Each structure stands twice: as structure tokens, then as C-alpha cells.
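In numbering that gives the first Met the number 0, the protein residues as written are 0 to 438.
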Amino acid sequence: MNRLIQSGLMYGNLVHVASPALVERYNRALKHLTGRETALTDFYIDISGFSPEIGHELGDPLYLNHAGVNRQFILLSTAQKTAPLLDAKFSTSRSILRRFIDDNEPALFALTARDAVAGELVNSVYDMATPARLFDLRRITIEADTTGGALRHAAQLEQKIGEFLSRDDGWYDDLLIAEMIDLAGETGDITRNPIALPKMEFEQGNFWTAHFGGTYLFQTVAHPALITAGDRALFDDAPLAHVFDLSQRNQIAKFLDLNKLVEPVIGARGIDAAAILRQKMEFILVDALCAHDITPGADSAALRRLAARHSALLPPEFHALNSLVTWAEAGGDWPRIASDHPAYFYTLRAADHPDADLVNMLLAELAPKDIRQLFICHKSLFYRLYASWPEAKKDYAVRFLKQDYQLDKEATRQALFAHQTPPPPLKRPTTGPWGPVRR
Numbered sequence: 000m001n002r003l004i005q006s007g008l009m010y011g012n013l014v015h016v017a018s019p020a021l022v023e024r025y026n027r028a029l030k031h032l033t034g035r036e037t038a039l040t041d042f043y044i045d046i047s048g049f050s051p052e053i054g055h056e057l058g059d060p061l062y063l064n065h066a067g068v069n070r071q072f073i074l075l076s077t078a079q080k081t082a083p084l085l086d087a088k089f090s091t092s093r094s095i096l097r098r099f100i101d102d103n104e105p106a107l108f109a110l111t112a113r114d115a116v117a118g119e120l121v122n123s124v125y126d127m128a129t130p131a132r133l134f135d136l137r138r139i140t141i142e143a144d145t146t147g148g149a150l151r152h153a154a155q156l157e158q159k160i161g162e163f164l165s166r167d168d169g170w171y172d173d174l175l176i177a178e179m180i181d182l183a184g185e186t187g188d189i190t191r192n193p194i195a196l197p198k199m200e201f202e203q204g205n206f207w208t209a210h211f212g213g214t215y216l217f218q219t220v221a222h223p224a225l226i227t228a229g230d231r232a233l234f235d236d237a238p239l240a241h242v243f244d245l246s247q248r249n250q251i252a253k254f255l256d257l258n259k260l261v262e263p264v265i266g267a268r269g270i271d272a273a274a275i276l277r278q279k280m281e282f283i284l285v286d287a288l289c290a291h292d293i294t295p296g297a298d299s300a301a302l303r304r305l306a307a308r309h310s311a312l313l314p315p316e317f318h319a320l321n322s323l324v325t326w327a328e329a330g331g332d333w334p335r336i337a338s339d340h341p342a343y344f345y346t347l348r349a350a351d352h353p354d355a356d357l358v359n360m361l362l363a364e365l366a367p368k369d370i371r372q373l374f375i376c377h378k379s380l381f382y383r384l385y386a387s388w389p390e391a392k393k394d395y396a397v398r399f400l401k402q403d404y405q406l407d408k409e410a411t412r413q414a415l416f417a418h419q420t421p422p423p424p425l426k427r428p429t430t431g432p433w434g435p436v437r438r
């Protein structure tokens, strides 16, 4: 994995914690949440405050995520909002943390100027002992405060200020005034600079979890289903009519179609479909021929020549996508690619709906030779598969992602996944300068 780390493709965009003051604040928060501390004076953290170095030091990669549920977090700075979430157990966790920081950024900026903010993504489930627990994960609530209890003190001060203002003899209550002064020393002037974090709740209807071999749960669509990369028999008692594993491609295709969750890449608005499919073909080619003479640094032209020499070794996915590109660029007969064909899920992307990221994640797992989509949409699976790839494929993947994706991540995501809303129809005017317009 060193190649990925050195290229910024793994543990990239983390926040560096090196100053003694920030390390001391982190340790206070860590002690507050877990009862443990770190001896490190220099480490990196993700959006939740998790540090891979501290995880290694403690021998516990889940030190902020016990049993893989109710993720705890430590915020030292609002700059953490752009960092990734490492080793996520639920697909919704990072977006929840990001929204929490975005919606409360002024308050969090003020709070983290003096102390760390520690908190937890709370639900009613405390372990994943049985698959049935997944169906109890309906709502996530965020609980947070500084390690010194600034929010708790601010609430107490606000209550005492209200009491002081409502009492005629407030000015004569020396004890009440002393308590207010002590609390104000902790919080500052909350009448001018209010400190509060509203209670935030997030619905979690459709999500992916790493538990039970990797599971996609769609509960709020018209035709609910669970799709697992693990053992389907584990979900025999699931309160859903439809449970599929990844081998049931026809059923999954029908589920995606019935719920209007996907659209063909060919014909999607605002993208260069032929270019996207050609790139997928190149990924499939490298996967098929990586045991042959792929030289380090080979460009697309060299790979096409290699494909011509070894065309008999190329899998059906390559030939099917090639026929689709030929149709798109030169016309001819429409190539029928049914849902049981190995290329089928390579021809799709998520439609325009709130769960597009989740569906693209599922498609990445169903079409894993597309290393770009796999890296963007399902990093944990990318890292797991990368470890078993031949050296030639590892070299190609790192070089491609570094040169093509890392240079402009946003543009690449836009080119692959963005949806263009069609312009509204022109409205014919009903009146003109000389009265009603004739129809």
C-alpha cells in the first residue's frame, strides 16, 4: 500500500496535528470519550478525528468506533470537514458529519478556538450482533460538547440570566451573581456571542454498511430490498420481501429498474458517453492482460496495440462495450446487452435521485474492473482488491488515478456522475404590447 500512500491515494487530505496545544486538546477529548490517551506528538486525523497512527499505537483501529456503531468524533478545527472518513462502517457517516460541521460552522469555529469538541453519532443500536439490528438504524442523533462542557455551562448561564432578569430582587442575590460570573468565565459573553449547537437528527433509510460482508439496504424506495456481498442466508428473517446477493444479477437489475435508480451511460445528458465507455474498456483490457507485456507507463495507444495482439484473451465485457461505442459513434445495429451479461452494470450509472452516491457504490461493486469508479465510489473495496492485483495492474492504477483523477477530482466527478436538469419549457406570453396574444 506504500505506493498508494506516497501518491496521495490513501490517507490523503488528512488534517495534520502537530502543535502541543492541539495535541493536548486531542488527548483531553480522547480521555473524555474513551479513557485513553496517546503519547504521539505528531499525527494526522480524518473528519471524525480518527488517526491511523493512534489506532496503530493503541492496537485498536476502532478506538473511536467501538463495535462499528455509534461513531464518536473529535473536532479540533472546522478544517476537518474536507477530510475523508477512514474505515467507514456506514455510507452515511461522513455526510452526516460534514453536514453537522457545515450547519454549525460559526459556533464550532468559536468553540474549537479554545477547546476540542467531542461527540457521538447516536442511535438505538450498540452492537451488530445480528443482522436484524440493521433495521433498527432509522435515525441518527448527534450529541456534542467541548471537553470542558462549554455548551452545558452556556445553557446553565442562560437559565441563570433568565432567572436574574425575571426577579425583582436579582441584583441583591450575591450567590446568583457569583454563579453567573463563574460560568461567564467559562463561556464568555453569551448575550453577544451565543454558543449553542442545536439538536440534529438525520434519517437513515437507505445505506451501505460494512457489517455482514457488506450490505446495501434500500428501505424507502417503492420496492424495498436488501443486497449483500456476504451470505444471503444470514438475512432469512429480514422484514423485507426481497433479499439478494451479488450473484443474482438479473434480480438486482430488475430492482434498480423498477425503482428508477439507474440510467444508461449512453444517452445520459451532459456527458461524453463514448469516452467514458472507452476508458472502461481500457480498465478491462489492463485487468485481462496484466500478466502479459504491459510495460510501465504504457499509454492508451500502446494498450490498443496490445489489445489487437491478444484480442482472443479479452473478456466479453470488453467486446460488448466496444460494440456499444461503435454504435454511439458510427451507428448500425443496437447491441443488446442483457442483465445477465458481464458487461451490463458497466453500461449504467445512478439516475438523478438522493441516493445516487449509494447506487454508484453498488454499481462499482458489481463492475469492479472499472478502477476509477471503484476508487471514487467504494474506496474500502478498492483497497481490498488492490492488495491482490498483479504488479502491472497496481502500477497502471496508481499512475492513472494520480495523473487523471487527482489533478482535478471535481471535474472528473462532474464528467462521470453529474446530472444536468433539462431547461424549463419556454412559456408563450399571454399578453403583448397591444393586448392578449392570439393562440
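Think of the CB as a built atom: it goes at the ideal place given N, C-alpha and C, for glycine as much as any other residue.
Nothing here was measured: the structure is a model prediction, and the numbers come from that model.
A check of alpha carbon separations from Ile275 across Lys259, Leu245 and Arg348 identifies Arg348 as the nearest. DSSP, read as helix, strand or coil, puts Gly212 in helix. Out of Leu233, Tyr125 and Leu239, the CA that lies nearest to the CA of Ala224 is found in Leu239.
Along the region 85-142, the beta strand (DSSP E) occurs as fully enclosed runs of 3 or more residues at 116-121, listed in sequence order. Beta-bridge analysis with DSSP links Met199 to Ile141. The DSSP-derived three-state label of Pro263 is strand. Looking only at Val285, Leu133 and Ala287, the smallest Cα-Cα distance to Gly213 is reached by Leu133.
By the Cβ neighbour-count rule, Thr219 is exposed, with fewer than 16 other Cβ atoms within 10 Å of its own. Shortest Cα-Cα distance from Pro389 to any of Leu313, Ala287 and Asp356 involves Ala287. Approximately 22 Å separates the beta-carbon atoms of Ile46 and Gln5; this is outside 8 Å, ruling out the contact.
In this structure the region 98-112 lies against the region 67-82, because at least three pairs of beta carbons, one per stretch, are closer than 8 Å.
Boundaries of the beta strand (DSSP E) around Asp244: Val242 to Asp244. According to the DSSP assignment, Val22 belongs to the alpha helix (DSSP H) that extends over Pro19 to Thr33. In the three-state reduction of the DSSP assignment, Ala301 falls in the helix class. Distance from the CA of Leu32 to the CA of Arg70, rounded to the nearest whole angstrom, comes to 11 Å.
In this model, Phe201 and Ile95 are separated by some 7 Å (Cα to Cα). Residue pairing by DSSP places Trp207 opposite Tyr215 in a beta bridge.
By the criterion of a C-beta distance shorter than 8 Å, Ala306 is surrounded in its chain by Leu284, Leu288, Leu313 and Phe317, once the five residues flanking it on both sides are discounted. For Leu347, the uninterrupted beta strand (DSSP E) run begins and ends at Leu347 to Ala349, by DSSP.
Counting along the chain, the unbroken alpha helix (DSSP H) around Gln5 starts and ends at Asn1 to Gln5. For Glu104 and Arg93, the gap between their C-alpha atoms comes out near 16 Å. DSSP places Ile275 in no beta strand (DSSP E) but in the uninterrupted alpha helix (DSSP H) bounded by Ala272 to Leu288. Contact check for Leu85 against Val397 fails: the beta carbons are separated by 9 Å or more.
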